[in-house]
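Peer 1: My questions all concern the structure below.
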Amino acid sequence: YMYIIGIDLSDKSSKPDVDVFLGGTDTISVSKENLYAAVTDYSYDYTIRQSEEFSPEYSTSTVIYKFELNGGKIGKAVQGEVPGTIINQFSMDEHANIFRIATTTGDMWRNNSKNNVYILDENLKPLGKLEGLAEGERIYSTRFAGDRVYMVTFRQVDPLFVIDTSNPRSPQLKGMLKIPGYSTYLHMVDENHILGFGYDTEVNQWGGTVNGGLKISMFDVTNVSKPKETFT
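Numbering follows my numbering, with no gaps: position 232 of the sequence shown is 231.
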């Protein structure tokens with residue numbers, strides 16, 4: 000079960016609004032007006048030819064449930080769905096009454112992974128999308144800030160993508176920076192500067208990539224087409 004409990008802290012005499020739903024999630028994103036709960040859905044994909052007799056193919060998607068919040072009360076819910084999976088609550092965001100989510104589809108071990116941004120309207124119906132970023136990699140961190148989306152993917156180097164969602168029907172990739180290491184968390188310092196917390200990386204004797212030490216990077220995105228790493 001998933002319990003959603005609303006408490007009006009401005010009214011000491013009010014009672015909590017308790018709602019219970021079948022199913023559950025470990026990933027939520029909350030704005031002042033809405034709560035979004037994301038659930039990963041694994042389903043058999045019968046359209047794909049099975050590669051082995053006992054190795055079924057799956058399609059993976061993220062189902063989003065949106066609950067209205069009003070004065071400590073939990074209101075109606077709507078449901079939407081996008082391809083792929085998310086990594087944490089920073090993969091989701093509400094901005095200007097629209098919902099944005101960053102997902103990874105496919106598998107890195109099969110070298111068919113891709114990274115995507117989907118934009119949904121207030122009823123969680125599709126508005127726009129940007130698909131196919133950084134093939135063969137997966138998302139390690141995402142940050143939404145106003146009309147921009149910052150996304151870090153990784154396999155052997157760390158691409159930082161800057162995405163413009165000012166036109167929600169047609170999000171655009173504006174810039175990219177490739178550096179060693181990767182960020183697992185992005186923190187906005189101000190409109191044009193981001194702190195990235197993650198790991199430095201090294202190439203081992205077999206040509207693979209292994210984590211080094213903790214890495215903190217300062218990114219300057221004043222020029223969205225040419226993001227820079229200014230300090231590490």
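Beta carbons: idealized from backbone N, C-alpha and C, even for Gly.
Everything numeric in this text was worked out from a predicted model, so none of it was measured.
Short of 8 Å in beta carbon distance, which residues of its chain neighbour K31, apart from the five on each side in sequence? Order them along the chain.
Peer 2: Position 32 of the sequence shown holds residue 31. Here the set comprises L68.
Peer 1: Which residue from S165, V188, K225 puts its Cα closest to that of K177?
Peer 2: What you label residue 177 is simply residue 178 of the sequence shown in a count that begins at 1. Closest option to K177, Cα to Cα, is K225.
Peer 1: In the DSSP output, what is E67 paired with across the bridge?
Peer 2: The residue labelled residue 67 in the question sits at position 68 within the sequence shown. DSSP, once it has assigned bridges, lists N33 as partnering E67.
Peer 1: Quick check: what's the CA-CA separation for S42 versus V62?
Peer 2: Here residue 42 refers to the residue found at position 43 when the sequence shown is read from its first residue. Here residue 62 refers to the residue found at position 63 when the sequence shown is read from its first residue. S42 and V62: Cα-Cα distance of roughly 12 Å.
Peer 1: Among residues of its own chain, excluding the 5 on either side of T229, which ones have a beta-carbon nearer than 6 Å to its beta-carbon?
Peer 2: By one-based count along the sequence shown, residue 229 stands at place 230. Result list for T229: M217, D219, in chain order.
Peer 1: If you follow the beta strand (DSSP E) that N210 is in, where does it begin and where does it stop?
Peer 2: Position 211 of the sequence shown holds residue 210. Secondary structure note for N210: its beta strand (DSSP E) is the uninterrupted segment 208-219.
Peer 1: Closest to I27 by C-alpha separation, out of V77, N87, K72, K14, would be which residue?
Peer 2: Numbered from its first residue, the sequence shown carries residue 27 at position 28. Taking only the C-alpha atoms, the option nearest I27 is N87.
Peer 1: Straight-line CA distance for V81 to E93?
Peer 2: The residue labelled residue 81 in the question sits at position 82 within the sequence shown. The residue labelled residue 93 in the question sits at position 94 within the sequence shown. Whole-angstrom Cα-Cα distance: 15 Å.
Peer 1: Going along the chain, which residues of its own chain have a beta-carbon closer than 7 Å to the beta-carbon of S13, five neighbours each way excluded?
Peer 2: Here residue 13 refers to the residue found at position 14 of the sequence shown. Around S13: D7, G71.
Peer 1: Residue range of the beta strand (DSSP E) that P125 falls in?
Peer 2: Taking the first residue of the sequence shown as 1, we reach residue 125 at position 126. 125-132 is the span of the beta strand (DSSP E), which, as asked, contains P125.
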